[in-house]
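See structure below.
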Amino acid sequence: MSSLTTWSVLIGTSVLCYAIKLVGYLVPARWFAHERLQRINSLIPVVLLSALVVAQGVAVKTHLVIDHRLAGIAAALAALIAKAPFPVVVLSAAVTSALVYRWH
Amino acid sequence: MPQVSRRTLRDALSVALTVGAYGVAFGAAGVAAGFSVLQTSLFSLVTFTGASQFAAVGVVASGGAGLSAVVAASLLSTRNALYSLQMAPQLHVSGWRRLVAAQVTIDESTNVALAQAPHGPDAVRHGFWLTGVGVFIFWNLFTLVGALGAKSLGNPAAWGLDAAVPAAFLGLLWGRLADGRLRVISLVAAVFALVSTPLLPSGTPIIATVLVAVVAGWRP
Numbered sequence: 148m149s150s151l152t153t154w155s156v157l158i159g160t161s162v163l164c165y166a167i168k169l170v171g172y173l174v175p176a177r178w179f180a181h182e183r184l185q186r187i188n189s190l191i192p193v194v195l196l197s198a199l200v201v202a203q204g205v206a207v208k209t210h211l212v213i214d215h216r217l218a219g220i221a222a223a224l225a226a227l228i229a230k231a232p233f234p235v236v237v238l239s240a241a242v243t244s245a246l247v248y249r250w251h
Numbered sequence: 761m762p763q764v765s766r767r768t769l770r771d772a773l774s775v776a777l778t779v780g781a782y783g784v785a786f787g788a789a790g791v792a793a794g795f796s797v798l799q800t801s802l803f804s805l806v807t808f809t810g811a812s813q814f815a816a817v818g819v820v821a822s823g824g825a826g827l828s829a830v831v832a833a834s835l836l837s838t839r840n841a842l843y844s845l846q847m848a849p850q851l852h853v854s855g856w857r858r859l860v861a862a863q864v865t866i867d868e869s870t871n872v873a874l875a876q877a878p879h880g881p882d883a884v885r886h887g888f889w890l891t892g893v894g895v896f897i898f899w900n901l902f903t904l905v906g907a908l909g910a911k912s913l914g915n916p917a918a919w920g921l922d923a924a925v926p927a928a929f930l931g932l933l934w935g936r937l938a939d940g941r942l943r944v945i946s947l948v949a950a951v952f953a954l955v956s957t958p959l960l961p962s963g964t965p966i967i968a969t970v971l972v973a974v975v976a977g978w979r980p
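From first to last, the protein sequence lines are chains A and B. The numbering used here runs 147 ahead of the 1-based position in the first sequence. The numbering used here runs 760 ahead of the 1-based position in the second sequence.
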């Protein structure tokens, strides 16, 4: 990873994310009133989060790999089903994954 | 300015502390992905929107192109524009305060603020500012702790950090899955990402799943 790439990602992400937050304070609300745009926009967090769980859980570059991470995600899923609070969900995934990684 | 109610303060602080503490995971994830401690801290100070920060470093960590990282992070933060549209008329901010309000317009500040609505417009404003500033302070402190700690931890996998990030995404997603239609859309997106991972260039399957949102949202 070159430092040019890491700085570009940092600056690009920061500028765009701030501009996006500023939108509501600067532009009239009616600009975003288009129904189809709002419907699609409201679905974007759900599809991106789903893809991120897959990408970070079972992908390594362009390969699908089943390893300790999947065990961690399974633990998180169990914690979520048991209605555990957010920090417990993350912690149980980390502990399970670390144990599988070390014993594997 | 009217006095801040104890209830608003409690709501804001509990959210700020829990979410802020999770900054440790971001700090470690940033360093593990190849960002320096300074760059990782700047992410939390300047980008300051958790899911997008994780997306940016996550795409880089999984070998994706820089542009994919920026696009994924930005798309994930578009909901902040919707939050700012909701908050702007309630905060009555102008001048430089608008610039500060924008920076702390995130999931937590907006949701705590809107939850205070039954207690009046002042409680909404207090909830927004206390949560936004509170998360900002703790998130940045803990990011630094995580980034510095990552160096002495060694391999992040040995501490389960590579599973903590997708688990956190799953946790954020979980709340939305009570809705049956969103559950189907989430599943389709996950399958799409699975199938496209071996077919598309590294890092692009995440962006490509936006197609699922476009198709699903095209008609009501």
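Virtual Cβ for every residue (Gly too), placed ideally from N, Cα, C.
> Which chain A residues are close to D882(B), counting only those with a beta carbon under 8 angstroms from its beta carbon?
Replying inline: In chain order: nothing, as chain A lies at least about 20 angstroms away.
> Can you name the residues that DSSP bridges to V207(A)?
Replying inline: H210(A)
> So which residues of chain A does R936(B) contact, with C-beta pairs closer than 9 angstroms?
Replying inline: P192, V193, L196
> Along the chain, where does the alpha helix (DSSP H) that runs through V864(B) open and close?
Replying inline: Note, V864(B): premise wrong, no alpha helix (DSSP H); not H, not E.
>> Check whether the segment 879–889 of chain B and the segment 201–213 of chain A are in contact - that is, three or more C-beta pairs closer than 8 angstroms.
In response: no
> Which residues mark the beginning and the end of the alpha helix (DSSP H) in which T153(A) is found?
Replying inline: 150–173
> Touch check for the segment 895–907 of chain B and the segment 775–792 of chain B: three-plus C-beta pairs under 8 angstroms?
Replying inline: yes
> For I228(A), which option in L971(B), R767(B), A927(B) has the closest C-alpha, if you only look at C-alpha atoms?
Replying inline: A927(B)
> Quick one: what does DSSP say P849(B) is sitting in, helix, strand or coil?
Replying inline: helix
> With a CB to CB cut of under 7 angstroms and the five nearest residues on each side skipped, what residues in its chain are close to K911(B)?
Replying inline: V791
> How long is the line joining the alpha carbons of D214(A) and V955(B), rounded to whole angstroms?
Replying inline: 18 angstroms
> From A841(B) to V974(B), what distance separates their C-alpha atoms?
Replying inline: 18 angstroms
> How big is the Cα-Cα spacing for L195(A) and T969(B)?
Replying inline: 7 angstroms
> From W934(B) to Q763(B), what distance separates their C-alpha atoms?
Replying inline: 35 angstroms
> Relative to the C-alpha of R767(B), which residue among A873(B), Q846(B), L805(B) is closest?
Replying inline: A873(B)
>> Measuring straight from C-alpha to C-alpha, what distance separates L217(A) and G909(B)?
In response: 24 angstroms
>> By the 7 angstroms beta-carbon criterion, what residues does the segment 908–937 of chain B contribute toward chain A?
In response: A917, A918, W919, G920, L921, D922, A923, A924, V925, P926, A927, A928, F929, L930, G931, L932, L933, W934, R936
> L971(B): buried (16+ other C-beta within 10 angstroms of its C-beta) or exposed?
Replying inline: exposed
>> Please report the distance separating the alpha-carbon of V775(B) from that of A976(B).
In response: 32 angstroms
> Can you list the alpha helix (DSSP H) stretches of 4 or more residues lying completely in the segment 786–850 of chain B, in chain order?
Replying inline: 797–802, 810–821, 826–836
> If the cut is a Cβ gap below 7 angstroms, which residues of chain B does I167(A) touch?
Replying inline: S834, S837, T838, N840, A841
> Going by C-alpha distance, which of L184(A), T152(A), K168(A) is nearest S812(B)?
Replying inline: K168(A)
> Does DSSP classify Y248(A) as helix, strand or coil?
Replying inline: helix
> Taking all protein chains shown into account, do 16 or more other C-beta atoms lie within 10 angstroms of the C-beta of P175(A), making it buried, or fewer, making it exposed?
Replying inline: exposed
>> If I measure Cβ to Cβ from F898(B) and keep anything under 8 angstroms in the same chain, skipping five residues before and after, which residues do I get?
In response: A776, L777, V779, G780, A781, G783
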